[in-house]
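Structure, as C-alpha cells:
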Amino acid sequence: MSHPKRKTRRDFLKVSVLSASVLSTGALSAFSSQEKRPLVVSTWRNTDANNAAWNVLSKNGRALDAVEQGARVPEANPKDTSVGYGGLPDREGLVTLDACIMDEKSNCGSVAFVQGYKHPISIARAVMEKTPHVMLVGKGAEQFAAAQGFKKEKLLTKESEKAWKEWLKKSEYKPYHNPGQHDTIGILAQDADGNLCGACTTSGMAFKMHGRVGDSPIIGAGLYVDGEVGAATATGVGEEMIRIAGSHTIVELMRHGRSPQQACEEAIKRLIEKRGEEKAKELSVAFLALNIKGKVGAYSTNDVFEYTLTTPDQMHSVIRSESYF
Ligand code: SD4
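Quick note: to get this note's numbering, add 1037 to the position in the sequence shown (first position is 1).
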C-alpha cells in the first residue's frame, strides 16, 4: 500500500537526535505529552512477538507490518495453545482460527472459522488489501487463502490432540471459566510516523462449539483502531467483549477525553455492571489500549492479565495489569 507521508530513515534519525538534544537541555515542552516512538504493546507475555514487531518498527517500518509480523510469531508457535498452529481444538477436535487487522486509516480485514492455515492474520490482511470486503469466514476464507497462495497445513499438534482427548473424557462444556487456557494475542503499535495499527489472532476458547466465533476477528469487539484517537484490543471470554463492543467502546471513550487506563477501566466496569458481580467474577476479560500520544492502559476483570510493552527505552517489559476483582 502506498504511504505518501512516510519519513525516510534520515528523517527518523534527525527526529531522534532532536529529541535527545531537547531532553538534554531539559526543554521538554515539545515532547511532553508524547511518549517516545515507535512503540508496540501486546496482550500477555508475548516478548517474541514484540521482538518481531520491533524489528520492523526500529527500522522505521510501518505499524501495519509490525503488528502482522508480531501476530505471526505465536501463530507459528506449537507451544502456544491459544493461537494458530498448536491451538486447542473445538469440541469436534478441529482447530478453527479467527483474526483481524486494522490500520490507521480504518482499513480493516478479518477472517473467522478458518481451518488449515497457520497464519490467519496474513489472510485477514489480504482480505483488507485485495478484496472489497472486510470479513470472510469458513470455506470462503479458506478458498480465498488457497487462491492467494497460502499453504494448507495440519494445525492440530499431538499435545493439543492429547488435551482434547483428555477433555473428551468428561466433555464438560464450561467456556466461561478457563483463565489458564487462553493467551490470544492482541497487538497494537505506533510507528515513528505516528501511525497506529492493530492485529488480533486466536484459536478461540478451548473446546468451543463447532462454528463458534469469538470477539477476536470482530472489528470493534476484539480490536479497534482510529488513527486520530487510539487503539484497543481484548482477550478473554469473547462473548463478553462482543456484548459491549468493547474495543470500539474504549476508543470512543478515549475520543471523549479518557486516558487509555480510564477507558479500559470504564469498559470493564460496564461489562461487570451488565453481568452483575457474582457472574462477572467467573469471567476472565481484559482490555489493552494505546492512545495517539503513545500512552498505554490495561485493565481486567480478574487478577491474571499481563501485557508486554516495548519502547525505545523499555525492551519487552512484561507488566501486570490492575484488575477489578
Ligand atoms: C475468544 N477472546 O475467542 C478469544 C479467546 C481469548 O485468550 O482471548 N483467548 O473469545
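Glycine residues also receive a C-beta, built at the ideal position from the N, C-alpha and C atoms.
Next item on the list: Please classify T1062: is it buried, with 16 or more other beta-carbons within 10 angstroms of its beta-carbon, or exposed?
Entry: A caution first: T1062 carries a pLDDT of 33, below 50, which makes its placement in the model unreliable, though a value can still be read off. The residue in question, T1062, is exposed, as its Cβ has fewer than 16 Cβ neighbours within 10 Å.
Check: Around the Cβ of S1143, are there at least 16 other Cβ atoms within 10 angstroms (buried) or fewer (exposed)?
Finding: The residue is exposed, with fewer than 16 neighbouring Cβ atoms inside 10 Å.
Note to self: Between G1177, T1221 and G1153, which has its C-alpha nearest K1189's C-alpha?
What the structure shows: Ranking G1177, T1221 and G1153 by Cα distance to K1189 puts G1153 first.
Notebook entry, point to check: Helix, strand or coil for A1067 per DSSP?
Noted result: Any reading at A1067 must be qualified, since the residue scores a pLDDT of 36, below 50, and its modelled position is unreliable; the value itself is stated next. In this structure, DSSP gives A1067 a helical state, which the three-state scheme calls helix.
Notebook entry, point to check: In terms of residues, what are the limits of the alpha helix (DSSP H) holding F1324?
Noted result: Careful: F1324 lies outside any alpha helix (DSSP H), inside the beta strand (DSSP E) at V1322 to N1328.
Notebook entry, point to check: Do A1258 and A1323 have their CB atoms nearer than 8 Å?
Noted result: Taking a C-beta distance under 8 Å as the contact criterion, A1258 and A1323 do not qualify as a contact pair.
Item checked: Contact belief for T1115 with T1194 at Cβ below 8 Å, rounded distance in angstroms -> Rather than Thr, the amino acid found at residue 1115 in this sequence is Pro. So it is a contact: roughly 5 Å between Cβ atoms.
Item checked: Environment of H1170 [buried if 16+ CB atoms lie within 10 Å] -> The residue in question, H1170, is exposed, as its Cβ has fewer than 16 Cβ neighbours within 10 Å.
Notebook entry, point to check: What does DSSP give as the partner residues of M1139 in its beta bridges?
Noted result: Paired residues: C1145 and G1235.
Notebook entry, point to check: Could you give the C-beta distance for S1284 and L1260, rounded to a whole number, given that I count them as a contact under 8 Å?
Noted result: Contact holds; Cβ gap of about 5 Å.
Checklist line | Test item: CB-CB of L1320 and V1274 under 8 Å | finding: Result yes, Cβ atoms of L1320 and V1274 sit closer than 8 Å.
Checklist line | Straight-line gap, S1058 to R1074 (C-alpha atoms, nearest Å) | finding: The pLDDT assigned to S1058 is 34, lower than 50, so where the model puts this residue is not dependable, and the model offers no usable value.
Margin query: Using the three-state DSSP reduction, which class does R1280 fall into: helix, strand or coil?
Written below: In the structure shown, the three-state DSSP call for R1280 is helix.
Notebook entry, point to check: My guess is that T1348 and E1072 are in contact by the Cβ rule of under 8 Å, so how many angstroms apart are they, rounded?
Noted result: Between the beta-carbon of T1348 and that of E1072 there is about 7 Å, and that keeps the pair under the 8 Å contact cut.
Item checked: Coil, strand or helix - M1242 by DSSP -> Three-state DSSP puts M1242 in coil, outside helix and strand.
Check: Thinking just about the alpha-carbon of each residue, which of T1238, Q1351 and A1269 is nearest to the one in Y1122?
Finding: Ranked by Cα distance from Y1122, the first of T1238, Q1351 and A1269 is T1238.
Notebook entry, point to check: Which residue or residues does DSSP assign as beta-bridge partners of L1125?
Noted result: According to DSSP, which records beta bridges pairwise, L1125 is partnered with nothing at all.
Check: Is DSSP giving A1229 helix, strand or coil here?
Finding: Note: A1229 maps to coil in three-state DSSP.
Notebook entry, point to check: Do you know how far the Cα of R1128 is from the Cα of E1289?
Noted result: Each residue's Cα considered, the two are about 36 Å apart.
Notebook entry, point to check: Could you give the distance in angstroms between the alpha-carbon of I1419 and the alpha-carbon of S1147?
Noted result: Within the shown structure, residues of the chain are numbered from 1038 to 1362, placing residue 1419 beyond reach of any answer.
Next item on the list: May I ask which residues mark the beginning and end of the beta strand (DSSP E) holding T1345?
Entry: Taken as a continuous stretch (DSSP letters only), the beta strand (DSSP E) holding T1345 covers E1343 to T1348.
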